[in-house]
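Okay, structure first, notes after.
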Amino acid sequence: MKVVYSSTCLVHNPEYETLSGKRVPYLESPQRYEVIKEALSDSEDSFGFVEASEDLEIGEHLLSVHNPEYVEYVKNAYDAWVEDGGDEAGVVPDTFPHPKLINFKNGDIDVTKLKPIAKAGLYCFDLSTPITADTYKAAIAAVQVTLTACSILTTESKASSSEGPVGVFALTRPPGHHAATSLSGGYCYFNNVAIAARFLQSQAQSPSSVNAESKPKIAILDIDYHHGNGTQDIFYADPSVYYVSLHAVPDYPYYTGTASETGFGPGKGYTLNLPLPTYTTGDEEYLAALRHAVHKINEFGAEYVVVSLGVDTYQHDPICKFGLTTAGYRRVGGAIARAGAGVGTVFVMEGGYFIADLGANVRAVLEGYQT
Ligand code: SP5
Ligand code: ZN
11 MKVVYSSTCL VHNPEYETLS GKRVPYLESP QRYEVIKEAL SDSEDSFGFV
61 EASEDLEIGE HLLSVHNPEY VEYVKNAYDA WVEDGGDEAG VVPDTFPHPK
111 LINFKNGDID VTKLKPIAKA GLYCFDLSTP ITADTYKAAI AAVQVTLTAC
161 SILTTESKAS SSEGPVGVFA LTRPPGHHAA TSLSGGYCYF NNVAIAARFL
211 QSQAQSPSSV NAESKPKIAI LDIDYHHGNG TQDIFYADPS VYYVSLHAVP
261 DYPYYTGTAS ETGFGPGKGY TLNLPLPTYT TGDEEYLAAL RHAVHKINEF
311 GAEYVVVSLG VDTYQHDPIC KFGLTTAGYR RVGGAIARAG AGVGTVFVME
361 GGYFIADLGA NVRAVLEGYQ T
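Sequential numbering of the sequence shown, starting at 11, is according to the working numbering.
Structure follows, in structure tokens:
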């Protein structure tokens with residue numbers, strides 16, 4: 011399996027975040043990236059490493075998901091913030107446009123004239139997603155990694171139709187599934203998997219996998235511990251992208267991910283949330299839900315499967331409350347190999363914060379997929 015990475019993903023390195031009112035060292039660290047890369051280099055299975063090109067033009071693909079004003083904001087926010095006297099550690103909001111506070115639906119507030127601190131709350135929903143001097147560069151590199159992995163996937167899928175399913179791993183950071191069209195949060199700035207889905211739609215071609223609106227069908231399987239609110243939101247009214255998420259309740263991001271959220275308008279029925287309880291979800295409970303998710307994806311009939319790969323479902327994860335084991339992750343990979351009845355899969359890295367076993371857990375999923 012090819013593993014796509016970029017050294018530029020390492021440059022995003024915030025000092026701290028605020029969790030439960032406490033200032034703590036930033037959990038989504040560059041070290042996460044290094045230990046995953048190292049574990050895959052040590053694997054008996056052959057992982058072939060490919061460094062993504064920094065010159066890859068991604069503008070069009072970024073804008074297939076994100077609003078242009080938002081992209082400009084992420085690019086320039088740090089400089090504007092520092093110039094306005096903000097802390098050099100990075101842009102972090104202190105006030106949000108809560109529904110009961112909002113006064114600009116009637117158009118009397120010009121968003122472009124908001125102070126940097128006000129824009130911070132407009133474009134970000136938590137205290138864990140600061141924009142530092144290097145954030146934009148790393149977030150762009152993550153998109154470059156994702157798109158490079160998708161190109162490899164489409165090329166390999168077309169070449170090897172008889173050799174079974176093709177998998178590619180996009181080693182991304184910062185992660186993406188909490189980011190929406192013009193919103194960051196949960197360590198996420200640009201939604202890597204959403205950009206992957208749109209890119210794969212532009213490349214796919216099998217007529218049997220084309221839906222009523224004649225867009226190729228893509229399934230997104232989100233196995234991060236947290237609900238991918240951003241991904242769900244981006245495709246909520248879109249029947250060509252089936253979003254399926256397994257995640258913990260009750261837990262962050264708290265306000266999304268119920269089973270009753272099933273899509274909107276033409277997208278009704280194309281979002282599937284499988285919330286699982288904190289503390290009592292271990293390997294067996296998780297795999298039962300995952301098999302159901304895979305079955306639903308097979309019924310949908312996608313041309314490609316995009317996996318939001320989080321291993322924060324691990325038993326020792328510092329911010330999560332599931333009990334998966336490293337052996338369980340092998341079975342998770344095996345179950346995913348059955349999704350889409352053998353079509354190509356791109357795995358895109360999301361969460362996972364227990365550094366000591368993070369690499370082994372990611373490796374277990376990918377090896378489980380291959381065997
Ligand atoms: C990509 C991803 O996994 N993002 C997750 C972001 C979670 N941020 C907030 C988590 C709140 C955890 N609260 C538990 C406090 C432990 N003392
Ligand atoms: Zn997560």
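Just so it is clear, CB atoms sit at the ideal spot from N, CA and C, and this is done for glycine as well.
Going by Cα to Cα distance, which pick from the options is closest to residue i?
i      : options                          : result
Gly177 : Tyr197, Leu37, Ser56 and Val34   : Ser56
Ser138 : Val121, Tyr252 and Ser30         : Ser30
Cys134 : Ile141, Leu193, Val254 and Ala99 : Leu193
Ala189 : Asp243, Thr164 and Leu231        : Asp243
Ser63  : Lys227, Pro126, Thr18 and Tyr262 : Thr18
Lys306 : Val316, Ala229 and Ile233        : Ala229
Leu20  : Val358, Ala149 and Glu79         : Ala149
Tyr253 : Gly275, Asn239 and Tyr280        : Tyr280
Val321 : Val304, Lys225 and Met359        : Met359
Name the DSSP beta bridge partners of residue i, please?
i      : result
Ser318 : Asp232 and Val358
Leu50  : Looking at the DSSP assignment, Leu50 forms no beta bridge with any residue, so it has no partner.
Ser255 : Asp232 and Asn283
Ile141 : Val101
Val60  : Val14
Gln334 : It is worth fixing the name first, because residue 334 is Leu in this sequence and not Gln. In DSSP, Leu334 forms a bridge with Tyr324.
Cys7   : Shown here, the chain extends from 11 to 381; a query on residue 7 therefore has no answer.
Any heavy atom of the ligand ZN inside 7 Å of the beta-carbon of residue i?
i      : result
Glu360 : yes
Tyr235 : yes
Asp322 : yes
Residue i lies in the beta strand (DSSP E); which residues open and close that run?
i      : result
Gly177 : Gly177 to Ala180
Asn283 : Thr281 to Pro287
Pro35  : Lys32 to Pro35
Thr28  : Tyr26 to Leu29
Val121 : Unbroken run through Val121: none, as it is neither H nor E.
Between which two residues does the alpha helix (DSSP H) containing residue i stretch?
i      : result
Lys168 : Thr145 to Ala169
Tyr296 : Asp293 to Phe310
Pro78  : Pro78 to Glu93
Arg373 : Ile365 to Gln380
His71  : Gly69 to Leu72
Taking only heavy atoms of the ligand SP5 into account, decide whether any of them is closer than 7 Å to the Cβ of residue i.
i      : result
Pro185 : yes
Leu382 : What is shown of the chain runs 11 to 381, which leaves residue 382 out entirely.
Ile228 : no
Leu334 : no
Tyr246 : no
Gly196 : yes
His188 : yes
Under 8 Å, Cβ to Cβ, is there at least one residue of chain D near residue i?
i      : result
Ile162 : Looking at the structure shown, chain D is missing, and only one protein chain is on hand.
Worksheet entry | alpha helix (DSSP H) runs contained entirely in the region 183-248, provided each spans 4 or more residues | 202-213 and 239-244
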